[in-house]
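A.B. asks: Please see the structure below; I have some questions.
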Amino acid sequence: MTTTDTQVMKETSSAGENHSTIIQPDTLSQHSRISGGSSSPSQEGSVPSSPSSKSNKVGDSSVVLDMPPTARKPLVTKRKRVLIVGSGASGTAAAYALGKHPDKFDVQVWEKLSLPGGVATSEHIEGPGDLVINDGVQGGCPTYRNTLNLMSEFGFSGSPVHMMISFGKGPTAWTNYTKTDLIDRLKDEIKRFGRTLKIINKLEFFFIFIPISKVLKWFGYSDAFCYEMVFPLTALFFGTGNQTPNVSAAIVARVFLDDDLRLFDYDPECLLSQTPEMFAFPKLRDMYQTIMRKMETQYHANRAVASVIRRNGKVHVVDDADNEEVFDEIIFACDAETVLRVLKQPSYLEKKALGNVRYYNDVTLTHEDDEYMEKHYELHKDVDQYFIRTDPNDRSKLEMSFNLSNYQPHLKDTGRNIYQTIFLDDKIKDIWTIDEIDKSKVRFTRWWRQFSHTWKHFAFTVPLWRYVQGTKHTWYCGSYTLINTHEIGIISGFAAACRLGASYPFIEDKLAREQFEQYLLMIHGKPRRYGCNGATFLSILFAPLMFIFVGLALFVQFIMRCCGKDV
Ligand SMILES: Cc1cc2nc3c(=O)[nH]c(=O)nc-3n(C[C@H](O)[C@H](O)[C@H](O)COP(=O)(O)OP(=O)(O)OC[C@H]3O[C@@H](n4cnc5c(N)ncnc54)[C@H](O)[C@@H]3O)c2cc1C
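All residue numbers for the sequence shown refer to UniProt numbering, where the first residue is 1 and numbers rise by one.
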């Protein structure tokens with residue numbers, strides 16, 4: 001971190017939380033600073049509130065004039081005013097890509113909370129060592145090229161860790177680094193599973209709409225293999241929680257077979273026999289604050305979008321303090337439920353696509369209760385990062401824990417084992433064992449609202465995005481558009497920005513670019529570049545097929561609803 005960074009960080013730490021606050025771009029100037037305003041004691045990391053951010057009515061240019069001299073741009077009349085709603089991974093990525101074209105775009109980011117990062121949060125944990133931990137998002141695999149490139153642009157990098165997982169307990173225990181009785185018992189099915197994965201992978205277009213539980217049943221796998229091995233593994237990798245049996249079979253096959261995204265090699269003897277290299281994120285709060293501050297965009301913290309009306313080719317946006325501004329384009333980088341709440345007169349397809357995203361309430365307890373961990377998991381204290389077990393009474397239900405001290409490098413030498421246990425879906429909280437965690441050892445509790453990406457997500461939501469992107473100057477990004485990973489969040493933000501005319505920032509990185517292009521094709525139905533290339537060909541080929549598919553999907557959904565089925 002540079003001296004300038006540290007200074008700004010200090011300035012930000014005594015700031016107000018209850019007011020809309022604005023961070024101006026931190027240009028390379030040593031004198032750059034956050035624009036003024038009242039400050040009151042509050043949460044670390046928030047920034048002084050700017051009077052301009054509240055009084056900034058339609059056409060008011062005070063925000064730009066507030067900028068430090070080095071950050072002022074020559075007056076360009078035709079810059080598009082773009083609002084990005086939300087500053088999680090996707091909103092940040094969109095802001096970054098658009099911010100690279102200050103001559104074309106005048107970008108604002110409005111964020112409901114006092115800090116950027118969305119679900120990528122950090123928390124202070126009391127006790128010896130005075131620790132800051134990442135309490136939700138932890139890391140990714142080396143194929144997260146877009147995330148890693150973005151981090152490196154701002155001087156951040158991931159720390160390598162080897163993934164060590166402890167599944168189950170007692171007779172159902174297994175790991176990815178030792179042989180256990182369960183592996184021995186299920187060795188025939190493990191061997192057969194390789195062939196099944198290949199079939200699924202070859203017929204991906206069909207299997208994307210079939211839940212993995214069905215496919216495993218069709219192929220005659222035992223409950224033990226499904227519930228103790230395949231489902232926990234999938235839940236862990238994709239954060240699919242209790243919806244895992246309904247996850248698309250094609251997605252599960254990709255965990256093992258996709259050349260670019262593969263995390264584990266399939267091992268015919270043990271299922272997993274590797275401790276693949278992952279990376280742990282640096283302190284996410286510092287990372288997101290630095291990125292947001294250094295970009296060519298205006299960042300308004302504590303400013304929630306309350307309503308959005310699209311009329312006469314413009315987007316009229318009202319914030320939670322009743323101030324209205326007018327933009328040329330809007331990028332929603334918040335959750336689908338919020339979009340549906342604030343967007344007035346959504347189109348039929350917007351209502352369908354957004355309304356089809358299913359969310360669940362989960363809670364994580366960060367704690368230091370060794371006894372709880374020993375009771376419920378096979379605890380290898382010094383090595384495991386991940387723990388996952390199935391409920392003995394209902395094997396379709398899962399609970400996951402983490403030993404953050406084996407994951408986040410700065411926690412390793414503290415002599416503390418800081419665990420985190422996540423209880424999934426509050427609709428089934430009667431089966432949670434949350435009360436068994438010693439309250440005096442709980443350091444922090446946080447609720448999350450997470451979407452599920454079951455096969456229904458791929459059948460009824462994902463195919464619709466291409467038809468709603470750009471409707472009345474409105475764009476959608478966020479991991480909920482495809483899969484719940486940080487990398488998809490970042491790629492989705494770049495995609496929205498590129499559709500508006502920004503260039504894709506990591507063109508030199510083949511894997512990053514290819515993943516971006518795949519997303520763009522799938523979610524926007526567009527190639528990155530029109531011309532004589534495979535992506536253009538696929539976009540043309542798939543256009544009528546997708547049209548037919550979406551028609552069928554809407555019809556099936558209608559019939560299922562009429563029959564009282566939850567879709
Ligand atoms: C507990 C947890 C752990 C995870 N762990 C990992 C992991 O280890 N690795 C991995 O790859 N992925 C992980 N993920 C998934 C991944 O990190 C997320 O999918 C991704 O970060 C989401 O980014 P996003 O921009 O789509 O949404 P979000 O991060 O949810 O951002 C949305 C933003 O919109 C803001 N907002 C909402 N309403 C409004 C409004 N009205 N006005 C203005 N702003 C608004 C919100 O405050 C928020 O900042 C995890 C997710 C969770 C929840």
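All C-beta atoms in this analysis are idealised placements derived from N, C-alpha and C, irrespective of residue type, glycine included.
1. Of all the options ARG79, ALA94, PRO160, which has the alpha carbon lying nearest to the alpha carbon of GLY86?
2. Here's the rule I'm using: 16 or more other beta-carbon atoms within 10 Å means buried, otherwise exposed. How should THR240 be labelled?
3. Taking LEU520 as the reference, which of ASP335, HIS376, ALA535 has the closest Cα?
4. Express the C-alpha separation of ASP438 and ASN484 in angstroms, rounding to a whole number.
5. Please work out which residues of its chain come closer than 7 angstroms, Cβ to Cβ, to GLU277, disregarding the five sequence neighbours upstream and downstream, and give them in chain order.
6. Following the continuous beta strand (DSSP E) through ARG443, name the residue where it begins and the one where it ends.
7. DSSP three-state label for MET410, please.
8. Are the segment 440-460 and the segment 225-245 touching by the rule of at least three beta carbon pairs closer than 8 angstroms?
9. Which residue marks the beginning of the alpha helix (DSSP H) containing LYS217, and which one marks its end?
10. Does the segment 299-311 come close enough to the segment 107-115 that 3 or more CB-CB pairs lie under 8 angstroms?
11. Please find out if some non-hydrogen atom of ligand 1 comes closer than 7 angstroms to the beta-carbon of TYR467.
12. According to DSSP, what are the bridge partners of ALA321?
13. Does the pairing of the segment 360-367 with the segment 471-489 give three or more beta-carbon distances under 8 angstroms?
14. Can you tell which of THR92, ILE523, LEU186 has the C-alpha that lies nearest to the C-alpha of ARG293?
15. With distances taken from CA atoms, which of PHE225, GLY194, GLY139 is nearest TYR407?
16. Beta-carbon separation of GLY88 and ALA333 under 8 angstroms?
17. Check the C-beta distance from ALA512 over to ARG285 and give it rounded, since I have them as a contact under 8 angstroms.
18. So, is LYS126 buried or exposed, given that buried needs 16 or more other C-beta atoms within 10 angstroms?
19. Return the chain-ordered list of same chain residues with a C-beta closer than 7 angstroms to the C-beta of PHE458, the five sequence neighbours on each side being excluded.
20. Could you give the distance in angstroms between the alpha-carbon of ASN403 and the alpha-carbon of ILE418?
21. Classify ARG145 as helix, strand or coil using the three-state DSSP reduction.
22. Here's a check: name, in chain order, each residue in its chain whose Cβ is nearer than 8 angstroms to the Cβ of VAL442, leaving out the five neighbours to either side.
23. CA-CA distance, SER151 and MET287?
24. Using 8 angstroms as the cut-off, can you tell me whether the segment 191-201 makes contact with the segment 342-362, which would need three or more C-beta pairs spanning the two stretches below that distance?
25. Would you tell me roughly how many angstroms separate the C-alpha atoms of GLY525 and GLN469, rounded to the nearest one?
26. May I ask whether a heavy atom of ligand 2 can be found less than 7 angstroms away from the beta carbon of VAL85?
27. Between the Cα of PRO128 and those of PHE156, ARG81, LEU411, GLY501, spot the shortest distance and give me the residue it belongs to.
28. Just confirm the distance between the C-beta atoms of TYR227 and ARG395, as a whole number of angstroms; I'd bet it's less than 8 angstroms.
29. Can you tell me whether TYR348 is buried or exposed, with buried defined as 16 or more other CB within 10 angstroms of its CB?
30. With distances taken Cα to Cα, identify the nearest neighbour of TYR177 among LEU148, CYS532, SER166, GLN420.
31. Among residues of its own chain, excluding the 5 on either side of VAL550, which ones have a beta-carbon nearer than 8 angstroms to its beta-carbon?
32. Assuming ASN201 is part of the beta strand (DSSP E), what are its boundary residues?
33. Could you check whether the Cβ of VAL255 sits closer than 7 angstroms to any heavy atom belonging to ligand 1?
34. Can you round the beta-carbon distance between ILE291 and TYR96 to whole angstroms, since I take them to be within the 8 angstroms contact cut?
35. Please name the residue in PHE460, LYS456, GLY158, ALA495 whose C-alpha comes closest to that of TRP475.
36. Between VAL342 and ligand 1, is there a pair consisting of the residue's CB and a ligand heavy atom that are separated by less than 7 angstroms?
C.D. replies: Quick answer:
1. ALA94
2. buried
3. ALA535
4. 31 angstroms
5. PRO142, PRO160, HIS162
6. 442-452
7. With the sequence shown as reference, residue 410 is identified as His, and Met is not the correct amino acid for it. In this structure, HIS410 counts as helix in the three-state DSSP scheme.
8. yes
9. 212-218
10. yes
11. no
12. Per DSSP, none; premise fails for ALA321.
13. no
14. THR92
15. GLY139
16. yes
17. Not really, about 25 angstroms apart at Cβ, beyond 8 angstroms.
18. Residue identity check: residue 126 is Glu in the sequence provided, not Lys. Counting Cβ neighbours within 10 Å, GLU126 comes out exposed, since fewer than 16 surround it.
19. ILE208, PHE209, SER248
20. 6 angstroms
21. helix
22. LEU365, THR366, HIS367, ASP369
23. For the sequence presented, residue 151 should be read as Met rather than Ser. Cα-Cα distance, rounded: 8 angstroms.
24. no
25. 9 angstroms
26. Ligand 2 is absent from the structure shown, which contains only ligand 1.
27. LEU411
28. 4 angstroms
29. exposed
30. SER166
31. PRO463, LEU464, TYR467
32. Per DSSP, ASN201 belongs to no beta strand (DSSP E); it is in the alpha helix (DSSP H), 187-202.
33. no
34. 7 angstroms
35. ALA495
36. yes
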